[in-house]
Amino acid sequence: AYHPRPPRLPRFRWETVDYPSMPLLCAATGLECNGHESPPGFVNAPGGDFSLLPTSPNIDRGAVIPGINDSYLGAAPDIGRFEYGGP
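The sequence shown lines up with residues 1 to 87 when you count with the numbering used here.
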């Protein structure tokens with residue numbers, strides 16, 4: 001589930017250290033850094049509509065999985081269940 005964070009709080013805590021951003025967390029710990037920390041840009045998540053808005057950072061950020069998401073639209077598959085502009 002996606003929950004917006006209150007302003008001015010650390011976004012990440014690793015063991016006892018707070019990090020304000022994913023790049024700082026990854027640089028300090030060596031953890032996976034391919035994620036992104038932007039709000040997902042859903043149409044209406046509380047109402048159960050997880051379709052992507054035209055401004056969603058998840059558009060064209062996914063990985064091609066042959067035989068699974070070959071019919072993507074745009075430069076790359078979108079992250080998430082629904083392809084923006086798709087059926």
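Don't be surprised by glycine CBs; every beta carbon is placed ideally from N, CA and C.
Small disclaimer: the values here were computed from a predicted structure and weren't measured.
- [ ] Please state if the CB of residue 52 and the CB of residue 58 are separated by a distance shorter than 7 Å.
- [x] yes
Open item on the list: Checking 7 Å against the spacing of the C-beta atoms, do residue 62 and residue 77 come in under that value?
Closed with: Yes, these two residues count as a Cβ contact at 7 Å.
TODO: Taking only the alpha-carbon atoms, compute the straight-line gap between residue 72 and residue 54 and give it to the nearest angstrom.
DONE: 15 Å
Open item on the list: So, with DSSP's three-state summary, where would you put residue 52?
Closed with: strand
Open item on the list: Rounded to whole angstroms, what is the Cα-Cα separation between residue 80 and residue 29?
Closed with: Their Cα atoms are separated by approximately 27 Å.
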